[in-house]
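> One structure, as structure tokens, below. Some questions next.
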Amino acid sequence: MTSTEGRRVIIVGGGISGLSAAWFLHDRGYDVRVIEASERVGGVISTSLRNDFMVERGPNTTLQKPGRPEDALGRLMDGTGLARRVIEAAPAGQKRFILRDGRVLALPGSPSAFVTSPAFTWPAKLRLLKEPFISRVAHEESIAQFVERRLGREFLDYAVDPFISGVYAGDTRALSVRAAVPRIFELEQQYGSLIRGAVALGKAAKSAGMPAGRQISYDRGMSGLPQGIAEKLPHGSVSTGLRAQSLEHIDGIWNVHLDGDGGETVETGDALILALPADETARLIKPLSAEAAQIVGEIPYVSISSIGLGYARDQVGHSLDGFGFLAPRLEGMRTLGVLFSSTLFDGRAPQGHVLLTAFIGGAHDAPAADLPTDMIFELVEADLAVALNIKGPPAYRRISRYARAIPQYSLGHLDRMDEVDRRLEPFAGLYLRGNWRDGISVADCVRAGEKLANRI
Numbered sequence: 001m002t003s004t005e006g007r008r009v010i011i012v013g014g015g016i017s018g019l020s021a022a023w024f025l026h027d028r029g030y031d032v033r034v035i036e037a038s039e040r041v042g043g044v045i046s047t048s049l050r051n052d053f054m055v056e057r058g059p060n061t062t063l064q065k066p067g068r069p070e071d072a073l074g075r076l077m078d079g080t081g082l083a084r085r086v087i088e089a090a091p092a093g094q095k096r097f098i099l100r101d102g103r104v105l106a107l108p109g110s111p112s113a114f115v116t117s118p119a120f121t122w123p124a125k126l127r128l129l130k131e132p133f134i135s136r137v138a139h140e141e142s143i144a145q146f147v148e149r150r151l152g153r154e155f156l157d158y159a160v161d162p163f164i165s166g167v168y169a170g171d172t173r174a175l176s177v178r179a180a181v182p183r184i185f186e187l188e189q190q191y192g193s194l195i196r197g198a199v200a201l202g203k204a205a206k207s208a209g210m211p212a213g214r215q216i217s218y219d220r221g222m223s224g225l226p227q228g229i230a231e232k233l234p235h236g237s238v239s240t241g242l243r244a245q246s247l248e249h250i251d252g253i254w255n256v257h258l259d260g261d262g263g264e265t266v267e268t269g270d271a272l273i274l275a276l277p278a279d280e281t282a283r284l285i286k287p288l289s290a291e292a293a294q295i296v297g298e299i300p301y302v303s304i305s306s307i308g309l310g311y312a313r314d315q316v317g318h319s320l321d322g323f324g325f326l327a328p329r330l331e332g333m334r335t336l337g338v339l340f341s342s343t344l345f346d347g348r349a350p351q352g353h354v355l356l357t358a359f360i361g362g363a364h365d366a367p368a369a370d371l372p373t374d375m376i377f378e379l380v381e382a383d384l385a386v387a388l389n390i391k392g393p394p395a396y397r398r399i400s401r402y403a404r405a406i407p408q409y410s411l412g413h414l415d416r417m418d419e420v421d422r423r424l425e426p427f428a429g430l431y432l433r434g435n436w437r438d439g440i441s442v443a444d445c446v447r448a449g450e451k452l453a454n455r456i
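Laid out in structure tokens, this is it:
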């Protein structure tokens, strides 16, 4: 009998973090049981198809890095057969735009394009020449402090700040560079310079023949990923409509008390993974450690609203030949950014139409996410009409609201997560996972699931 035979792992939470961990554990021979409180798996990943417009309520794409050691997503897709259902973003998606002085400008995609780009001023371009000669600092920095120190204020305002708004909907002055964008932080630590580090990594990837990363989705939209994982797990191992009420740890065994339409039940396992939002995790671990629960429960989140707008192609003056555009705060636009969804992937809009996905709210404009629906539509449509030269109302509208949508990795986040682990160390077999600690992207959550499966 192998070390995994007969060992049962309970995973509470059927989002991408829980399902990824379940798949990798199942692949290693564990008996897994996934418990989801809602009536479907996927968590924030959810795709809607109406009137031939395919709209994502959560993440619209995910980045895969084929052939690299960190490509847990690729290994999961190979193991589940989901690789056959992948749709790669159109080549046009490599082009990104920024709003500057009221104009949607293409961001430079090469050093030569950067020199001639109107997206940045000459003082900002010359400021970058100093970057390789700037020393590290010993103390923890926010993203804003780090970027302004290394690259200058304009690069912060017109490149990094809008990018962070697009990914985290966050405030660069509050987010920890080490926790929120560790790859950038590690470039400085390893190479002493972001520019030197980027050049070195590019050369290494080229000499190793590594393909570039690619933006992907699935033939059923992003919801095809969690649904596909759940379908490949053993029959009966995934249950929905069951909410975890409390935990017990007795003689090395975990008991999870559940409540559903059929009444109260108990699931028993040798190990327990809580793959839940921070507030739900805090609720369940409070009887084990009030201190750990307080830390987890105090992780800040921001709320956002996602707006899908469908137009006839001839209504839109812009070519939409890219991934989308981001709006720096200095431009005064309340819309955080817009994805050109029907450019990225086929099947997102009916013939002769385009689909745009806009975002509003976040750390810089929290009240916007809670505005009345009609007001949000009016605001976003007005922003897009100016930026993309759109004439007339949309043929399709869809809004998705997410309270506490994205966790914020504020200064001190990693130290606080270490403290949580120390507080829960006496409870063998308990593991906490989720986008509030493992990285917020889909690929980050999958990679964390694989690491955990290797550790248990």
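Under this note's numbering, residue 456 is the last one in the sequence shown; the count climbs by one each step, no gaps. A virtual CB, placed ideally from N, CA and C, is assigned to each residue, including glycine. As the structure is a computational prediction, the values presented were derived from the model and not from experiment.
Using the rule of at least 16 other Cβ atoms within 10 Å of the residue's Cβ for burial, across every protein chain shown, is serine 112 buried or exposed?
Position 112 of the sequence shown holds residue 112. Per the 10 Å Cβ criterion, exposed.
> Would DSSP call phenylalanine 359 helix, strand or coil?
As a first step, residue 359 must be located in the sequence shown, where it is residue number 359. Correct three-state label for phenylalanine 359: strand.
> With 16 as the cutoff for other CB atoms within 10 Å, does threonine 116 come out buried or exposed?
Position 116 of the sequence shown holds residue 116. Label assigned to threonine 116: exposed.
> Can you name the start and end residues of the beta strand (DSSP E) that glutamine 94 belongs to?
In the sequence shown, residue 94 corresponds to position 94, counting from 1. Per DSSP, glutamine 94 belongs to no beta strand (DSSP E) and is neither H nor E.
> Quick check on this structure: which residue in Leu201, Val12 and Tyr409 has the alpha carbon closest to the alpha carbon of alanine 169?
Translated into positions along the sequence shown, residue 169 becomes position 169. Nearest option by C-alpha distance: Tyr409.
> From serine 289 to tyrosine 30, what does the alpha carbon distance come to, in whole angstroms?
The sequence position of residue 289 within the sequence shown is 289, counting from 1. The sequence position of residue 30 within the sequence shown is 30, counting from 1. Spanning the two alpha carbons is a distance of roughly 28 Å.
> Between alanine 275 and valine 296, how many whole angstroms is the CB-CB distance? I'm expecting something under 8 Å.
The count along the sequence shown starts at 1 and reaches residue 275 at position 275. The count along the sequence shown starts at 1 and reaches residue 296 at position 296. That belief does not hold up - the Cβ atoms of alanine 275 and valine 296 are roughly 13 Å apart, past 8 Å.
> Which value, in whole angstroms, describes the spacing of the CA atoms of arginine 85 and serine 20?
Taking the first residue of the sequence shown as position 1, residue 85 is located at position 85. Taking the first residue of the sequence shown as position 1, residue 20 is located at position 20. Spanning the two alpha carbons is a distance of roughly 17 Å.
> Beta-carbon separation of valine 167 and leucine 156 under 8 Å?
If you number the sequence shown from 1, residue 167 lands on position 167. If you number the sequence shown from 1, residue 156 lands on position 156. Against a cut-off of 8 Å, the Cβ pair of leucine 156 and valine 167 comes out as no contact.
> Can you give the Cα-Cα distance for methionine 417 and asparagine 435, rounded to whole angstroms?
As a working mapping, residue 417 is identified with position 417 in the sequence shown. As a working mapping, residue 435 is identified with position 435 in the sequence shown. If I take the Cα positions, the gap works out to 12 Å.
> Need the endpoints of the beta strand (DSSP E) that proline 407 sits in, please.
Taking the sequence shown and counting its residues from 1, the one referred to as residue 407 is at position 407. Looking at the DSSP string, the run of the beta strand (DSSP E) that includes proline 407 is 396–407.
> Contact check, asparagine 376 vs leucine 384 under 8 Å by CB: the rounded distance?
The count along the sequence shown starts at 1 and reaches residue 376 at position 376. The count along the sequence shown starts at 1 and reaches residue 384 at position 384. At residue 376 the sequence reads isoleucine, which differs from the asparagine that was named. Not quite, the Cβ-Cβ distance comes to about 12 Å (not below 8 Å), so this is no contact.
> Note down the Cα distance separating phenylalanine 345 from glutamate 450, rounded to an integer number of angstroms.
Translated into the one-based positions of the sequence shown, residue 345 becomes position 345. Translated into the one-based positions of the sequence shown, residue 450 becomes position 450. Each residue's Cα considered, the two are about 28 Å apart.
> Label aspartate 314 either buried or exposed according to how many other C-beta atoms from any shown protein chain fall within 10 Å of its C-beta, with 16 as the threshold for buried.
On the sequence shown, residue 314 is found 314 positions in, with the first residue counted as 1. Its Cβ having fewer than 16 others within 10 Å, aspartate 314 is exposed.
> With a threshold of 7 Å on Cβ separation, who are the neighbours of aspartate 261 within its own chain once the five nearest residues in sequence on each side are excluded?
Here residue 261 refers to the residue found at position 261 when the sequence shown is read from its first residue. Closer than 7 Å at Cβ, skipping near neighbours: Gly241.
> Hey, glutamate 154 and threonine 121: beta-carbon distance below 8 Å or not?
By one-based count along the sequence shown, residue 154 stands at place 154. By one-based count along the sequence shown, residue 121 stands at place 121. Result yes, Cβ atoms of glutamate 154 and threonine 121 sit closer than 8 Å.
> What are the boundary residues of the beta strand (DSSP E) that asparagine 255 is part of?
By 1-based counting over the sequence shown, the position of residue 255 is 255. Taken as a continuous stretch (DSSP letters only), the beta strand (DSSP E) holding asparagine 255 covers 253–260.
> For glutamine 351, does the count of other Cβ atoms within 10 angstroms reach 16, so buried, or fall short, so exposed?
For the purposes of this step, residue 351 is taken as residue 351 along the sequence shown, with counting starting at 1. Glutamine 351 is exposed by the Cβ-count criterion.
> For aspartate 421, which of His364, Ile285, Thr47 and Pro66 has the nearest alpha-carbon?
Along the sequence shown, read from residue 1 onward, the residue named residue 421 stands at position 421. For the residues His364, Ile285, Thr47 and Pro66, the minimum Cα distance to aspartate 421 belongs to Ile285.
> Output the distance between the C-alpha atoms of aspartate 171 and glycine 412, rounded to the nearest integer angstrom.
As a position in the sequence shown, residue 171 is number 171, starting the count at 1. As a position in the sequence shown, residue 412 is number 412, starting the count at 1. Straight-line Cα distance between these residues: approximately 15 Å.
> Is the beta carbon of valine 380 sitting closer than 8 Å to the one on threonine 357?
Taking the sequence shown and counting its residues from 1, one reaches residue 380 at position 380. Taking the sequence shown and counting its residues from 1, one reaches residue 357 at position 357. Not a contact, by the Cβ cut-off of 8 Å.
> Report the three-state DSSP secondary structure of serine 306 (helix, strand or coil).
Stepping through the sequence shown from its first residue, residue 306 is reached at position 306. DSSP places serine 306 in strand when its eight states are reduced to three.
> Please state the DSSP three-state secondary structure of isoleucine 456.
Within the sequence shown, residue 456 is the residue found at index 456, counting from 1. DSSP places isoleucine 456 in coil when its eight states are reduced to three.
> Between the stretch 37–57 and the stretch 74–84, can you find at least three pairs of beta-carbon atoms closer than 8 Å?
Short answer: they don't touch.
> Please name the residue, chosen from Ala428, Leu225 and Pro407, that lies closest to aspartate 438 on a Cα-to-Cα basis.
Numbered from 1 along the sequence shown, position 438 holds the residue referred to as residue 438. Out of Ala428, Leu225 and Pro407, Pro407 has the C-alpha closest to the C-alpha of aspartate 438.
> Hey, how far is the Cα of alanine 387 from the Cα of isoleucine 195?
The residue you call residue 387 lines up with position 387 of the sequence shown. The residue you call residue 195 lines up with position 195 of the sequence shown. The straight-line gap from Cα to Cα measures roughly 32 Å.
> So what does DSSP say about tyrosine 168, is it helix, strand or coil?
Indexing the sequence shown from 1 puts residue 168 at position 168. Note: tyrosine 168 maps to coil in three-state DSSP.
> Measuring only the C-alpha atoms, how far is isoleucine 304 from isoleucine 399?
To locate residue 304, count along the sequence shown from 1; it is residue 304. To locate residue 399, count along the sequence shown from 1; it is residue 399. Their Cα atoms are separated by approximately 10 Å.
> Below 8 Å, how does it come out for the stretch 177–188 and the stretch 360–374: are there three or more Cβ pairs, yes or no?
In short, these stretches do not touch, since the Cβ pair count stays below three.
> DSSP state of methionine 54, grouped into three classes?
If you number the sequence shown from 1, residue 54 lands on position 54. Strand at methionine 54.
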